[in-house]
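Below: the structure, in structure tokens.
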Amino acid sequence: MGARREGREQALQILYGMELNPVTVPQALRHFREGARGSEASQAFAEELVLGVAEHKAELDAAIEEKSTNWTVPRMARIDLNILRLAVFELLFRPDIPANVTINEAIEIAKKFGTEDSPAFINGILDQFAGEKAVSGQPSP
């Protein structure tokens, strides 16, 4: 597994843990560092993602809900929502990561951590973001 995939999975676990046991971001990251496994690169990427999602959480949730038909953020499975938050953060705020990579990674992580329906649900929402990038002149997957 590559460092970025490992970092995304670690970030998902941190964000999901924060949903179950609300703590501050610094507390969650401190706890993560104490028990972290994996490469330094994956840990650094995980922390970047967690900090970015935390900083833009309201904006990410609004964007996700706008693209979601028949699902509000509070009704979404917590794992799916946090995978979406991570991916939408990358799509909106990390132009150095190609959109197709972000979407493929989110789908693979959904297969590992989500339900049977998670990959299709996540793909459906993220495809809408990728379509917007294509319309705006940014490269699409």
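Numbering-wise, the sequence shown is residues 1054 to 1194 according to my numbering. Ideal Cβ positions, reconstructed from N, Cα and C, are used throughout, including at glycine.
Kindly confirm or deny that the segment 1135 to 1146 and the segment 1062 to 1070 touch, where touching means at least three C-beta pairs closer than 8 Å.
-> yes
Taking buried to mean at least 16 other C-beta atoms within 10 Å of its own C-beta, is Gly-1177 buried or exposed?
-> Working through the sequence shown from its first residue, we reach residue 1177 at position 124. By the neighbour-count rule (16 or more Cβ atoms within 10 Å), Gly-1177 is not buried but exposed.
Helix, strand or coil at Pro-1148 [DSSP, three-state] = Locating residue 1148 in the sequence shown gives position 95, counting from the first residue. Pro-1148: coil per DSSP, three-state reduction.
Start and end residues, alpha helix (DSSP H) containing Phe-1114 = Stepping through the sequence shown from its first residue, residue 1114 is reached at position 61. A small correction: the amino acid at residue 1114 is Asp; Phe does not occupy that position in the sequence shown. 1110 to 1120 is the span of the alpha helix (DSSP H), which, as asked, contains Asp-1114.
Beta-carbon proximity of Ala-1152 to Ala-1173, cut-off 8 Å = Residue 1152 sits at position 99 when you count from the first residue of the sequence shown. Residue 1173 sits at position 120 when you count from the first residue of the sequence shown. No, the Cβ-Cβ distance between Ala-1152 and Ala-1173 is not below 8 Å.
Backbone CA spacing between Ala-1111 and Arg-1131 [nearest angstrom] | By one-based count along the sequence shown, residue 1111 stands at place 58. By one-based count along the sequence shown, residue 1131 stands at place 78. In a straight line, the C-alpha of Ala-1111 is about 15 Å away from that of Arg-1131.
How about Glu-1143 and Gly-1091: do their beta carbons lie closer than 8 Å?
-> Position 90 of the sequence shown, counting from 1, holds the residue named residue 1143. Position 38 of the sequence shown, counting from 1, holds the residue named residue 1091. Cβ distance not < 8 Å, so Glu-1143 and Gly-1091 don't count as in contact.
Does DSSP put Asn-1201 in a helix, in a strand, or in coil?
-> Past the boundaries of the shown model lies residue 1201; the chain is included only from 1054 to 1194, so the question cannot be answered.
When burial is assigned at 16 or more other CB atoms within 10 Å of the CB, is Glu-1158 buried or exposed?
-> Locating residue 1158 in the sequence shown gives position 105, counting from the first residue. Buried, by the Cβ-count rule.
From Asp-1149 to Arg-1128, what distance separates their C-alpha atoms?
-> For the purposes of this step, residue 1149 is identified with residue 96 of the sequence shown, where counting begins at 1. For the purposes of this step, residue 1128 is identified with residue 75 of the sequence shown, where counting begins at 1. Computed Cα separation, rounded: 31 Å.
Ala-1089 by DSSP, collapsed to three states: which one?
-> Translated into the one-based positions of the sequence shown, residue 1089 becomes position 36. It is coil, neither helix nor strand.
Does DSSP put Ser-1060 in a helix, a strand or coil?
-> Here the question's residue 1060 lines up with position 7 in the sequence shown. In the sequence on display, residue 1060 carries Gly and not Ser. Looking at Gly-1060 - three-state DSSP - the assignment turns out to be helix.
For Asp-1180, collect the residues of the same chain with a Cβ closer than 8 Å to its Cβ; drop the 5 residues on either side in sequence, then sort them by chain order.
-> The residue given as residue 1180 occupies position 127 in the sequence shown. Around Asp-1180: Ile-1156.
If you count every other CB in all the chains shown that lies within 10 Å of the CB of Val-1076, and 16 or more means buried, which is it?
-> Reading the sequence shown from its first residue, position 23 is the one you call residue 1076. With fewer than 16 Cβ atoms within 10 Å of its Cβ, Val-1076 is classed as exposed.
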